[in-house]
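Just so you know, the protein sequences line up as chains S and C, in that order. Mapping of the first sequence onto our numbering: residues 29 to 233, in sequence order. Mapping of the second sequence onto our numbering: residues 29 to 233, in sequence order. Each residue gets a CB set at the ideal place from its N, CA and C atoms; glycine is no exception. Right, one structure below, let's go through it.
There are 2 protein chains.
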Amino acid sequence: MNRRADVLDAALVVAATRGVAAMSMRAVADQVGLTVMGLYRHVRDKDDLLDGLVGRTLAEIDLPADDQPWELRLRAITSQLLTLAGRYPTVMPLLLTRAYSAPDAVAVVDALHRVLGDAGVAADQIPRLERLISTFTLGYAVAAANNGFWADPTATSPPTDPVRVAGPDDAAPHDPNAATSIEAWAADFDADITDLIQLIRGVVR
Amino acid sequence: MNRRADVLDAALVVAATRGVAAMSMRAVADQVGLTVMGLYRHVRDKDDLLDGLVGRTLAEIDLPADDQPWELRLRAITSQLLTLAGRYPTVMPLLLTRAYSAPDAVAVVDALHRVLGDAGVAADQIPRLERLISTFTLGYAVAAANNGFWADPTATSPPTDPVRVAGPDDAAPHDPNAATSIEAWAADFDADITDLIQLIRGVVR
DNA sequence: ACCTGAACACCGTTCAAGT
DNA sequence: ACCTGAACACCGTTCAAGT
Numbered sequence: 029m030n031r032r033a034d035v036l037d038a039a040l041v042v043a044a045t046r047g048v049a050a051m052s053m054r055a056v057a058d059q060v061g062l063t064v065m066g067l068y069r070h071v072r073d074k075d076d077l078l079d080g081l082v083g084r085t086l087a088e089i090d091l092p093a094d095d096q097p098w099e100l101r102l103r104a105i106t107s108q109l110l111t112l113a114g115r116y117p118t119v120m121p122l123l124l125t126r127a128y129s130a131p132d133a134v135a136v137v138d139a140l141h142r143v144l145g146d147a148g149v150a151a152d153q154i155p156r157l158e159r160l161i162s163t164f165t166l167g168y169a170v171a172a173a174n175n176g177f178w179a180d181p182t183a184t185s186p187p188t189d190p191v192r193v194a195g196p197d198d199a200a201p202h203d204p205n206a207a208t209s210i211e212a213w214a215a216d217f218d219a220d221i222t223d224l225i226q227l228i229r230g231v232v233r
Numbered sequence: 029m030n031r032r033a034d035v036l037d038a039a040l041v042v043a044a045t046r047g048v049a050a051m052s053m054r055a056v057a058d059q060v061g062l063t064v065m066g067l068y069r070h071v072r073d074k075d076d077l078l079d080g081l082v083g084r085t086l087a088e089i090d091l092p093a094d095d096q097p098w099e100l101r102l103r104a105i106t107s108q109l110l111t112l113a114g115r116y117p118t119v120m121p122l123l124l125t126r127a128y129s130a131p132d133a134v135a136v137v138d139a140l141h142r143v144l145g146d147a148g149v150a151a152d153q154i155p156r157l158e159r160l161i162s163t164f165t166l167g168y169a170v171a172a173a174n175n176g177f178w179a180d181p182t183a184t185s186p187p188t189d190p191v192r193v194a195g196p197d198d199a200a201p202h203d204p205n206a207a208t209s210i211e212a213w214a215a216d217f218d219a220d221i222t223d224l225i226q227l228i229r230g231v232v233r
């Protein structure tokens, strides 16, 4: 009990219910049933907690078996990343921004590397294509989460601050994405992944 | 004097020299020569300051003339975004994560929309392709900035915490990107943009 | 109109103790 | 070994004043 895993679980609960911004050391300590300083027994500092949170979040991805076709695996992983944005909208920026040090985070990157290898991509091209794909996917997820297309039941401030994509009082109605539906976002995403699969085939051919 | 522009300039100076994390309201106030509360005359709150900082940063991009070939314009804009990561490494995550409300930020998005339009992309496909390209570019810039491939002369903590891409003590040496050179990053980026130009041509054809 | 000073309710983290 | 309480140096922001 009260191992690192429990602390990370508590951190994710706080992040999911009150948002990453409200995930203070004190809030996590309360959630796990420790005093603030008890936390420092299981976590080096807040930076380390954040790294752990990234790993804990990506651990929820069900990595596809390696014997499936690579296109299927690519769609499985990326669509699950997009799904995470529905469950944990405020943690998505962390996935995009922070280096992956936790083992569960590295596992996702490795799985994508194997996907690209099985697609026939040359070894020296794999890292840049992996970065292209995961960066795009997470960026897309962040954009979707920011624009609140999934229900955010317990959030406090986000709903008060609803869309804000472009020009609030300076510019005319600008960004055509501002008012699309959740179906449109999902369809766009599928189209993007299809394009990226073609891109990969182009690199291999 | 002491208009909003001066506050944003001061914010960028602080962000560039001490990092976004150290860019407190008090630090910006000191830099611009005001008391903390004097800031609130020009900025609604810190969120507004951050929005302004995103605009101020993107304002440094020299948007190419619309009569140039679209491929050239695409390379000009994206390579300048990557260049920004050298000047302001710690602000890049903001560019990737925050909605673009400042006029200068919207201008960059609009320029990319025109690039895609001139490439022959159908109007209803333009937003998703713009998001694909800018998300990828900024994600790449964040990764590059995080891994410190540009000199970060005045940074305090980053150099102490040098690379950290993968498995620090849990996993074996994992990520093949961990030790590439700046030339390799630039070459990778060029290859990516070339691939994305092909992707756009594929969408149009 | 524009700016200030004092104060409030928070932060992450250190340190010296406790068992 | 594991946890605690008090304290420190910060935060963003409010409020009541000043000119």
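For the set S:ASP73, S:ALA49, S:ALA43 and S:ALA135, the Cα lying nearest the Cα of GLN59 (chain S) is the one of S:ALA43. In this structure, the CA atom of THR63 (chain S) is about 48 Å from the CA atom of PRO155 (chain C). For GLY145 (chain S), the enclosing alpha helix (DSSP H) begins and ends at 131-146. Between LEU227 (chain C) and GLY167 (chain C), the CB-CB gap reaches or exceeds 8 Å.
Taking 8 Å as the upper bound on Cβ-Cβ separation, chain C lies near no residue of the stretch 79-98 of chain S.
The beta carbon of ARG72 (chain C) does not come within 8 Å of any beta carbon belonging to chain S, so the residue lies off that interface.
In this structure, the beta-carbon distance from ALA55 (chain C) to GLY66 (chain C) does not fall below 8 Å. Across the structure, VAL170 (chain C) and THR106 (chain C) are spaced so that their CA atoms are roughly 13 Å apart.
With its beta carbon at least 8 Å from every one in chain S, ASP146 (chain C) lies outside the interface. Within chain C, the C-beta atoms nearer than 9 Å to that of ARG159 (chain S) come from PHE164, GLY167, TYR168, ALA171, ASN205, ASP216 and ASP220, in chain order. For PHE164 (chain C), the closest C-alpha among the options C:ALA49, C:SER52, C:PRO92 and C:LEU224 is that of C:LEU224. It is roughly 12 Å from the alpha-carbon of GLY61 (chain S) to the alpha-carbon of ASP37 (chain S). DSSP, read as helix, strand or coil, puts SER52 (chain C) in coil. ASP223 (chain S) has a beta carbon lying within less than 8 Å of a beta carbon in chain C. Per the Cβ contact rule, the stretch 141-148 of chain S is not in contact with the stretch 145-161 of chain C (fewer than 3 Cβ pairs under 8 Å). Distance from the CA of LEU77 (chain S) to the CA of VAL71 (chain S), rounded to the nearest whole angstrom, comes to 6 Å. Within the same chain, Cβ atoms closer than 8 Å to the Cβ of ARG32 (chain S) are found at HIS70, VAL71 and GLY80, the five residues on either side in sequence being excluded. Under the 10 Å beta carbon count, LEU112 (chain C) is surrounded by 16 or more other beta carbons and is classified as buried. Considering only S:ASP132, S:LEU86, S:GLN153 and S:THR85, the residue with the shortest C-alpha distance to PHE217 (chain C) is S:GLN153. When the alpha-carbon of ASP90 (chain S) is set against those of S:LEU100, S:TRP98 and S:ALA104, the nearest one is in S:ALA104. Neighbours of LEU227 (chain C) across chain S, judged by C-beta separation under 9 Å: ASP223, LEU224, GLN226, LEU227 and GLY230.
In this structure, the CA atom of ALA219 (chain S) is about 10 Å from the CA atom of TRP213 (chain S).
Residue-level contact check: THR63 (chain S) does not touch chain C, since none of the beta carbons of chain C fall below 8 Å from its beta carbon. Excluding its 5 nearest sequence neighbours in each direction, MET120 (chain C) has C-beta neighbours in its own chain below 6 Å: ALA113, ALA169, VAL170 and ALA173, listed in chain order. When CB distances to chain S are screened at a threshold of 7 Å, not a single residue of the stretch 32-46 of chain C falls below it. In this structure, LEU157 (chain C) and LEU144 (chain C) form a Cβ contact; the two beta carbons are roughly 5 Å apart against a cut-off of 8 Å. The C-beta distance from THR118 (chain S) to VAL48 (chain S) rounds to 4 Å, short enough to meet the 8 Å contact threshold. Among the CB atoms of chain C, none fall inside 8 Å of the CB of ALA49 (chain S). Counting only Cβ-Cβ distances below 7 Å, ARG156 (chain S) has contacts in chain C at ASP216, ALA219 and ASP220, in chain order. Comparing alpha-carbon positions, the option among C:LEU140, C:TYR68, C:THR45 and C:TRP98 lying closest to LEU109 (chain C) turns out to be C:LEU140. In the structure shown, ALA150 (chain C) adopts coil according to DSSP, grouped into three states. Within the stretch 116-133 of chain S, contact with chain C at the beta-carbon level (separation under 7 Å) is assigned to PRO121, LEU124, THR125, ALA127, TYR128, SER129 and PRO131.
Counted as a single uninterrupted DSSP element, the alpha helix (DSSP H) harbouring ASP76 (chain S) occupies residues 74-86. Where GLN108 (chain C) is concerned, the enclosing alpha helix (DSSP H) starts and stops at 98-115.
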